[in-house]
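At position 330 of the sequence shown the residue is numbered 329 (numbering that gives the first Met the number 0), and the sequence of numbers has no breaks. What follows is a set of notes on a single structure, which appears directly below.
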Amino acid sequence: MRHSSLVVAAILPIAFAVFEPLLPNQTMPPSWAAPKSDKSKSDNAAAFFKAFDEQDLFVAERLFNQSRDEQSRSEQASEIAATQALVYARCQSLPQCLNLIRDYRLYEKPDLTSDALANLTLAAYLSKDKKLAVRFFQKLQKAAPNKSLTENLALMLAIPYTVLDNEESAKNLLKKMSSLSWGNDDETARILVARLTAAYQTLSSETAYRTIQEILKKKGTDSAVLIICAENLRKQARYQEAIKLLDRLLSKRNNHWWGRELRARIYMDLYEAGPAAADCKQLLKQATLPSEHKHILGLMSRIYEHSSDYFNAYKAQSLLLRETAGKTAAPPSPTISRELARSSPKLLLQKGELAVKCLDRLDANELREISTDMEALLYYKPNNLPALYVLACVQRKLGLNAKALKNINLGLAAQPDYAPWYEERAKVWQGLGLKEQAKKDLEKAKSLR
């Protein structure tokens, strides 16, 4: 049994509430469609578990998607699916987590290992399916092969006791945890890491912080421990300490995807777009699939926007859309805009809204491209008022005042109490030298603010 690795994974801190769904869906390359030998399947499974044990969640996700069909027919299918369910849950992809559990009918499997059941208990708990979490937890208690493991797994799963609405049991488990100390064997190491999880989830951040320091003194070179502690330090807003741990990790494991992405996100928390973008650019070099490029370009756009660098956010969003359309080398065209308006309307609108915030830095070709994009969105959804607003702003910047006025008036007819319409029309009046009309619109906008 793989207790030494999967149980570690099962008890890692799992609160990723500040993250958007992180992991993109991957397209299975042709090389994976060919029949594989048993050894190849085994190697793929080993690589998947290794990535998960080392907390490189993005790589684990990639490996799972690349070999999902073939692994579904392997002897380890249930264990692999249980582990991936926890990956989805940790990354807040909750529908994908529950769908995977249902697709594999994991709740009906009679021979799930303790490791798999531990992962599934936490995955269901994170996915807010109380009934399913209880179901897996009860199976876990029965499946543990001896008293020692049963006790340890119960300690590791103190959080699901809150699912059972049994506060007294949860407190008793935490009390047991507090009396445990670090030993030389892996079992006590796992229990101490479990204390960190439970301390942060159930006790105070001070207790969690003390536990982090204790863990780092004993296990400060382990990749998974560095990730665990950095994640917890981030949740405590101890950003610089978290960055130092990730610096330590990346100095030894430069290609650790999740370690680098986590550092980029912490820099984003600090409004430091420069080093955050530098980490993203390094990840772009590591990316091997279009979906990975899109994932990082989307993150870069959010990083720049978070720091109010709207021009670079717009540039990253533009690259993301060209990757989405699969037209990285083709010049902009109405055809591409129509295609994106059908397939990715939200991303296309976000690009336009970013453009409005940096109009003075865009050249005429970029402005015309945004105009074409918004017209494409309006073609499929004529009442798309945000797209209409972006179009009017761009038309005004291009000097197309008659068209801009027409669209602004359409917007005002639908949203007479929306101040930005009046502010934009005032800019048009100013450009036409009609100062009195501009003054009236600005006063109206001010009254609506």
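C-beta: ideal position from N, C-alpha, C; glycine also.
What are the boundary residues of the alpha helix (DSSP H) that residue i is part of?
i      : result
His452 : The question about residue 452 has no answer, for the chain in this structure spans 0 to 448.
Asp128 : Per DSSP, Asp128 belongs to no alpha helix (DSSP H) and is neither H nor E.
Arg264 : Trp256 to Asp268
Asp110 : Looking at the DSSP string, Asp110 is not in any alpha helix (DSSP H), and its letter there is neither H nor E.
Lys402 : Asn400 to Ala413
Glu365 : Ala363 to Tyr379
Ala236 : Unbroken run through Ala236: none, as it is neither H nor E.
Leu390 : Leu384 to Lys396
Gln65  : Leu56 to Gln65
Glu442 : Lys434 to Leu447
Gln83  : Ala76 to Arg89
Let me make sure I understand the geometry here. Which of the options has the alpha-carbon closest to that of residue i?
i      : options                           : result
Leu85  : Asp110, Gln54, Trp256 and Gln65   : Gln54
Arg414 : Ala59, Leu387 and Ser343          : For clarity, residue 414 is Gln in the given sequence; the question names Arg instead. Nearest C-alpha to Gln414: Leu387.
Tyr238 : Tyr124, Lys356 and Met267         : Met267
Pro109 : Lys141, Leu353, Lys217 and His292 : Lys141
Arg104 : Leu131, Gly273 and Lys127         : Leu131
Met373 : Asn364, Ala363, Gly351 and Arg252 : Gly351
Gln137 : Ala122, Lys127, Asp128 and Ala117 : Ala117
Leu361 : Lys326, Lys314, Thr287 and Ile407 : Lys314
Leu447 : Gln436, Lys396 and Tyr421         : Tyr421
Leu232 : Ala363, Leu121, Tyr208 and Val224 : Tyr208
Arg101 : Glu322, Val224 and Leu119         : Leu119
Lys426 : Asp416, Lys396, Ala122 and Lys326 : Lys396
Asp114 : Asp42, Ala81, Ser66 and Val224    : Ala81
Ser77  : Thr210, Tyr106, Gln65 and Ala59   : Tyr106
His292 : Glu205, Val133, Ala272 and Gly325 : Gly325
Ala272 : Glu60, Ser41, Asn382 and Ala312   : Ala312
Pro419 : Val389, Asp359 and Asp42          : Val389
Val58  : Ile79, Ile265, Lys251 and His255  : His255
Leu111 : Lys129, Leu121 and Leu139         : Leu139
Would you grab the beta carbon distance between residue i and residue j for me? Rounded to a whole angstrom, and I think it's under 8 Å.
i      : j      : result
Tyr480 : Arg424 : The question about residue 480 has no answer here: the residues shown for the chain are numbered 0 through 448.
Cys228 : Ile242 : That pair is no contact at about 12 Å.
Ala88  : Leu125 : 4 Å
Ser343 : Leu320 : 7 Å
Glu44  : Gln95  : First, the residue type needs correcting, since residue 44 is Ala and not Glu in the sequence shown. About 20 Å; that fails the 8 Å criterion.
Ala354 : Ile369 : 5 Å
Phe63  : Gln83  : 5 Å
Val462 : Leu366 : This structure does not reach residue 462, given that the chain is present from 0 up to 448, and the question cannot be answered.
Tyr270 : Ser306 : 5 Å
Ala276 : Ile302 : 6 Å
Thr323 : Leu339 : 7 Å
Lys356 : Tyr417 : About 17 Å separates the two Cβ atoms, so there is no contact after all.
Gly410 : Leu384 : 6 Å
From the DSSP output, in three-state form, read off residue i for me.
i      : result
Ala286 : coil
Asn24  : Only weak support is given to the placement of Asn24: the predicted model assigns it a pLDDT of 33, under 50, and the value that follows is read from those uncertain coordinates. Correct three-state label for Asn24: coil.
Lys326 : coil
Lys218 : helix
Ser41  : helix
Gln137 : helix
Asp308 : coil
Arg360 : helix
Asp102 : helix
Arg341 : helix
Tyr160 : Note that Tyr160 scores 49 on pLDDT, short of 50, meaning its location in the model is unreliable; the coordinates nonetheless yield the value given after this. In the structure shown, Tyr160 sits in a helix (DSSP, three-state: H, G or I).
Tyr208 : helix
Trp428 : helix
Ser332 : coil
Asn118 : helix
Asn231 : helix
Tyr417 : coil
Arg321 : helix
Ser250 : helix
Glu271 : coil
Glu423 : helix
Glu53  : coil
Lys35  : Low confidence applies to Lys35: its pLDDT is 44, below 50, so where it sits in the model is not reliable enough to give any reading.
I want to see whether chain C comes within less than 8 Å of residue i, judged by CB atoms only; does it?
i      : result
Pro415 : Looking for chain C here will not work: only one protein chain is present.
Inter-stretch contact (C-beta, 8 Å, three-pair minimum) for the segment 328-341 and the segment 287-304: no
The segment 245-260 touching the segment 281-290, judged by at least three CB pairs closer than 8 Å: yes
Inter-stretch contact at 8 Å, needing at least 3 Cβ pairs: the segment 421-433 / the segment 391-403: yes
Sufficient close CB pairs (3 or more, under 8 Å) joining the segment 41-51 to the segment 234-253: no
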